[in-house]
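Note sheet for the following structure.
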Amino acid sequence: MSKETVHRVQAAWKKDALIDDETYLAWYAESVRDPDGFWGRHGRRLDWFKPYTKVRNASFEGEVSIKWFEDGELNLSHNCVDRHLEARGDQVAIIWEGDDPNEGRKITYRELHEQVCRYANVLKSHGVNKGDRVTIYMPMIPEVAYAMLACTRIGAIHSVVFGGFSPDSLAGRIVDCESHVVITADEGLRGGRKVPLKANADKAAEIAAAAGNPVHKVLVVRRTGGAINWVDGRDVWLDEAARAASPVCPAEPMNAEDPLFILYTSGSTGKPKGVLHTTGGYLVHVSMTHQYVFDYRDGDIYWCTADVGWVTGHSYILYGPLANGATTLMFEGVPNYPDASRFWQVVDKHKVNIFYTAPTAIRALMGAGDEWVRKGARRSLRLLGSVGEPINPEAWEWYFHVVGEGRCPVVDTWWQTENGGILIAPLPGSTDLKPGSATRPFFGVVPEIVDNDGAVIEGVGAGNLCIAQPWPGMMRTVFGDHDRFVETYFSTYKGKYFTGDGCRRDEDGYYWITGRVDDVINVSGHRMGTAEVESALVAHEKVSEAAVVGYPHDVKGQGIYCYVTLMEGEEPSDALRKDLIAHVRQEIGPIAAPDKIQFAPALPKTRSAKIMRRILRKIAEDDFSALGDTSTLADPSVVDDLIANRQNRK
Ligand code: 6R9
1 MSKETVHRVQ AAWKKDALID DETYLAWYAE SVRDPDGFWG RHGRRLDWFK PYTKVRNASF
61 EGEVSIKWFE DGELNLSHNC VDRHLEARGD QVAIIWEGDD PNEGRKITYR ELHEQVCRYA
121 NVLKSHGVNK GDRVTIYMPM IPEVAYAMLA CTRIGAIHSV VFGGFSPDSL AGRIVDCESH
181 VVITADEGLR GGRKVPLKAN ADKAAEIAAA AGNPVHKVLV VRRTGGAINW VDGRDVWLDE
241 AARAASPVCP AEPMNAEDPL FILYTSGSTG KPKGVLHTTG GYLVHVSMTH QYVFDYRDGD
301 IYWCTADVGW VTGHSYILYG PLANGATTLM FEGVPNYPDA SRFWQVVDKH KVNIFYTAPT
361 AIRALMGAGD EWVRKGARRS LRLLGSVGEP INPEAWEWYF HVVGEGRCPV VDTWWQTENG
421 GILIAPLPGS TDLKPGSATR PFFGVVPEIV DNDGAVIEGV GAGNLCIAQP WPGMMRTVFG
481 DHDRFVETYF STYKGKYFTG DGCRRDEDGY YWITGRVDDV INVSGHRMGT AEVESALVAH
541 EKVSEAAVVG YPHDVKGQGI YCYVTLMEGE EPSDALRKDL IAHVRQEIGP IAAPDKIQFA
601 PALPKTRSAK IMRRILRKIA EDDFSALGDT STLADPSVVD DLIANRQNRK
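The sequence shown: position 92 = 92 (UniProt numbering), numbered continuously.
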């Protein structure tokens, strides 16, 4: 073993391990040597209306075509709900914990089944057919699960948009996938504050209509009862309609490769991409990873703190756990409301065994002090998980020692929206843990580290992380733009899927993700393209040019640092700085609010007018000792001004 601290697999974790080390090595070897045999066997963990006879038909070359289980037929909602009715109809499927600690509900599998059927019938009655896109813009309430599962039941493709996105962002996503039905709520509730979801959806519908894509139906769930605007003929109270609808709705047989959902995500260029996932391979992947990575056992209470607006919410609040018949906890609130002990109060209240959160939350709670953690007993916890961004070893150790009191393995899970489910993570009964490392690949995942010229680095080394072989849960295309799919993920390194992440492999073959190597930043676990923030800034009338970079931030992981050049005659001021921050919030949403704005008379450019981001990143980090070669700049004196006026002095 290497010099890093190693937390060895403890006897308690090993006991009855679902996967011991020998099994991991044997299964992994088989999964790579014989993917057809391996996945052919594990695909049968699902209920298939029509069993598949073919397993893998996929290639990263040329046009890039990915198919798994292509002649099989199944339905996701049947697998996540109906098939559990006989054995566990009265078991709680969803524990809902409201923003207000006094509010909560428990929904059994039988109740979930009834609601999903009712919602599906409402969708049908409003003309939603197989293959139609339905946009979901909802708070974290059980109804969002009903809505998503109802779409999958009738074969409609859902596109969930995070409730923190602005009307403009929502409209862009509605228009891109040509959806004409939006499901929302009157208002959301987070940390005691209301979020005007319906009002935002109204604005988005206006923008979408102006762009030639009218929204015909807005289905509204009553959450707060707050006053909202109502458009007769278009708007429908969804909870009322569901009560009146039939509780019987057969699950539509879907081909394994029929589209399941679209989820928009940011890349280094252009507008967000509609990542398209399909049915069979995705569900095999998320259910299998949920079982093995979280060491999930029948009867466990499982809690993932993500929002359903992100892929983690899709795969590990809903689809993975429900496919396994788990009890999954859905939390409406935030970690520090009413106070910083909320997570641990909820853990005790519901006897949570498996807890999955993001490093940004861990760091924020670490900063609040250990006394908040000790307000909860946390005796029920058995396993802790982390996702969304690199976890620094200090935060990892705090999570392990303070939250888990050294009893619970920490599984650091690396994956992306595009991947569908976890790709690199420890298996708790078999993998020794190193704080800060996502450790080893899941079955069927073949990571490759390549240098900038595309040469594969074997053994110890660092470079760009690629995946060399197709896996079942991966995205199939960018909705409506297959060329962009091929260009974005398969053209940088021919024949490989390029992740956009940097990575190091150590002497034990463990993987250490070092963060994005492209122009994507990760702010509190939210993925953002710097180009999106730049285009929001230049849309402001006083801004002539903008360049955005990430910089290290103690809690958020990365903060948003903006260099802004003003129009001729405009003067920098604190008022304008505030105005620009408000402007970006309005254009994209609160998650994109800049942390630092530096007014710059000019940006550092090469003679071919390319902005030298390397220099901007260094200055934003308050590290200008090693700016590198600035001689290729058109005007090297620009850099002196940038340094003199930097906004992040340590
Ligand atoms: C699941 C999710 C993906 C990007 C990814 C990487 C970062 C996620 C990580 C991690 C280090 C981990 N990331 N998990 N980096 N260690 N355990 O977060 O998807 O929102 O698409 O973000 O997040 O940079 O490329 P998504």
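Using N, Cα and C, we set each Cβ at its ideal position, and we do this for glycine too.
Could you tell me whether the Cβ atoms of residue i and residue j are closer together than 9 Å?
| i | j | result |
| --- | --- | --- |
| E63 | H482 | yes |
| Y292 | L427 | yes |
| A245 | D82 | no |
| Y337 | G98 | no |
| I611 | L642 | no |
| E532 | A546 | no |
| G333 | L197 | no |
| A634 | K596 | no |
| G376 | Q345 | yes |
| L238 | Y119 | yes |
In three-state terms, what does DSSP make of residue i?
| i | result |
| --- | --- |
| Q586 | helix |
| F331 | strand |
| K596 | strand |
| I560 | strand |
| P636 | coil |
| M1 | Since pLDDT at M1 reaches only 45, below the 50 mark, its modelled position is unreliable, and the value read off the structure follows with that caveat. Three-state result, M1: coil. |
| P603 | Sequence check: residue 603 is Leu here, not Pro. The answer is coil: DSSP assigns L603 none of H, G, I, E or B. |
| Y137 | strand |
| N645 | coil |
| K273 | strand |
| H540 | coil |
| A547 | strand |
| D574 | helix |
| P142 | helix |
| G367 | helix |
| D307 | coil |
| A620 | helix |
| L18 | coil |
| A150 | helix |
Grab the span of the alpha helix (DSSP H) containing residue i for me, first residue to last.
| i | result |
| --- | --- |
| Y493 | That residue, Y493, is in no alpha helix (DSSP H); it is neither H nor E in DSSP. |
| D239 | L238 to A244 |
| M528 | Element bounds for M528: not the alpha helix (DSSP H) but the beta strand (DSSP E), H526 to G529. |
| K14 | A11 to K14 |
| G320 | G320 to A323 |
| V116 | Y109 to S125 |
| Y316 | Y316 -> no alpha helix (DSSP H), and no H or E assigned at all. |
| S77 | L76 to C80 |
| E287 | Position check: residue 287 holds Ser in this sequence, whereas Glu was assumed. Counting along the chain, the alpha helix (DSSP H) containing S287 begins and ends at G280 to V293. |
Quick one, which of the options has its alpha-carbon nearest residue i's?
| i | options | result |
| --- | --- | --- |
| residue 654 | Y356, L149 and P167 | Look at the range of the chain in this structure, 1 to 650, and you will see that residue 654 is not part of it. |
| R223 | N229, V160, M138 and K203 | M138 |
| residue 679 | T289, G313, V311 and L322 | Outside the displayed span of the chain (1 to 650) sits residue 679, for which this structure offers no information. |
| residue 652 | W344, G37 and S59 | Look at the range of the chain in this structure, 1 to 650, and you will see that residue 652 is not part of it. |
| E4 | E22, G404 and E394 | E394 |
| G325 | Y511, V248 and T108 | T108 |
| G131 | V144, V221, D258 and P247 | D258 |
| G463 | Y493, L112 and R577 | Y493 |
| C177 | A150, A211 and A185 | A211 |
| residue 653 | D100, P167, V160 and D519 | Nothing can be reported for residue 653, as the shown portion of the chain is limited to 1 through 650. |
| W27 | S573, F443, S159 and R614 | F443 |
| D34 | N57, R45, L18 and W96 | N57 |
| G299 | G40, L603 and V92 | V92 |
| G104 | R516, F331 and G233 | F331 |
| S456 | A209, G495, T327 and H583 | Sequence inspection shows Val at residue 456; the Ser mentioned does not correspond to that position. Among A209, G495, T327 and H583, the Cα nearest to that of V456 belongs to G495. |
| residue 653 | G421, I183, D508 and D640 | The requested residue 653 is not part of the displayed model; the chain covers only 1 to 650. |
| A87 | Q558, V248 and R110 | R110 |
| V579 | R617, A602, V538 and G569 | The amino acid occupying residue 579 in the given sequence is Asp; Val does not appear at that position. Taking only the C-alpha atoms, the option nearest D579 is V538. |
| N121 | A147, M140 and I136 | A147 |
| D71 | H84, V55, K271 and E61 | V55 |
| I449 | R440, I136, V347 and C466 | C466 |
Check for me: the beta strand (DSSP E) holding residue i runs from which residue to which?
| i | result |
| --- | --- |
| T357 | I354 to T357 |
| F261 | P259 to T265 |
| N522 | V520 to V523 |
| W512 | Y511 to R516 |
| C304 | I301 to C304 |
| V160 | I157 to V160 |
| I228 | Segment: none, I228 is in no beta strand (DSSP E) and carries neither H nor E. |
| W96 | V92 to E97 |
Start-end ranges of the beta strand (DSSP E) lying completely within the region 27 to 66, minimum 3 residues: 56 to 59
Runs of beta strand (DSSP E) lying entirely within the region 162 to 216, each at least 3 residues, in chain order: 181 to 185, 188 to 190 and 193 to 195
Segments of 3+ residues assigned as beta strand (DSSP E) that fall wholly inside the region 385 to 460: 410 to 413 and 447 to 450
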